[in-house]
Amino acid sequence: MSDTIGNIVIFKDPNPFDELNFGWLIPATHLGVPLEYIADKDVPNGMPYKIVTQSLLPVNFWNQKEFYTFDFSESDGIGSGSFVYTHNNQKYMVTASFTGSYEDWKGVNNV
3 MSDTIGNIVI FKDPNPFDEL NFGWLIPATH LGVPLEYIAD KDVPNGMPYK IVTQSLLPVN
63 FWNQKEFYTF DFSESDGIGS GSFVYTHNNQ KYMVTASFTG SYEDWKGVNN V
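Our numbering numbers the first residue of the sequence shown as 3 and each following residue consecutively.
So, in structure tokens, the structure goes:
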């Protein structure tokens, strides 16, 4: 299991109209749960994700995200969370497929 400190989650963006092909999660470090749990519940349903060590990202990443893409063909997992985006003043929603607790997640993932 990955630690939340020093890592972020990069995921495939479900919004086909977004210029970036990815979104990201910066996890709260005080929760005391594995990063995989946070990613599974918060990454949009059906979207692959990768856990990335922040120090391995280019120095200019946060200021120039539009210049980067990610390959999700070998992902660290698939999200099951909900997501809402807007395009041309119309809202689109990806509904969550897993709404259980951390204890439920541990049971499903044999943790």
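All C-beta atoms in this analysis are idealised placements derived from N, C-alpha and C, irrespective of residue type, glycine included.
The structure displayed is predicted, hence computed values, not measured ones.
Residues near residue i in its chain [Cβ-Cβ closer than 6 Å; skip 5 each side]
i, result
"N62", "none"
"T71", "N23"
"M49", "F13, K14, P16, G81"
"D106", "none"
"H89", "F19"
"V45", "F13, Y51, G81, G83"
"V35", "Y104"
Counterpart residues of residue i in DSSP-defined beta bridges
i, result
"W26", "I12"
"Q92", "H89"
"G34", "In DSSP, G34 forms no bridge with anything."
"P60", "Partner(s): none; P60 has no beta bridge."
"P46", "G83"
Rounded Cβ spacing between residue i and residue j (contact assumed at less than 8 Å)
i, j, result
"D78", "Y104", "About 18 Å; that fails the 8 Å criterion."
"D42", "S82", "6 Å"
"N111", "I53", "Not quite, the Cβ-Cβ distance comes to about 15 Å (not below 8 Å), so this is no contact."
"L33", "V11", "14 Å between Cβ atoms; not a contact."
Same chain only: Cβ atoms within 8 Å of residue i, ignoring 5 sequence neighbours per side
i, result
"E68", "E21, L22"
"S57", "G8"
"A98", "K43, N47, S82, G83, S84"
Bounding residues of the beta strand (DSSP E) (the contiguous stretch that carries residue i)
i, result
"Y51", "50-55"
Residue range of the unbroken alpha helix (DSSP H) whose run includes residue i
i, result
"Y104", "104-110"
Beta-carbon proximity list for residue i, same chain, < 7 Å, skipping 5 on both sides
i, result
"G25", "F13, D15"
Within-8 Å CB hit, residue i to chain D
i, result
"L27", "Within the model displayed, chain D is absent; a lone protein chain is all it includes."
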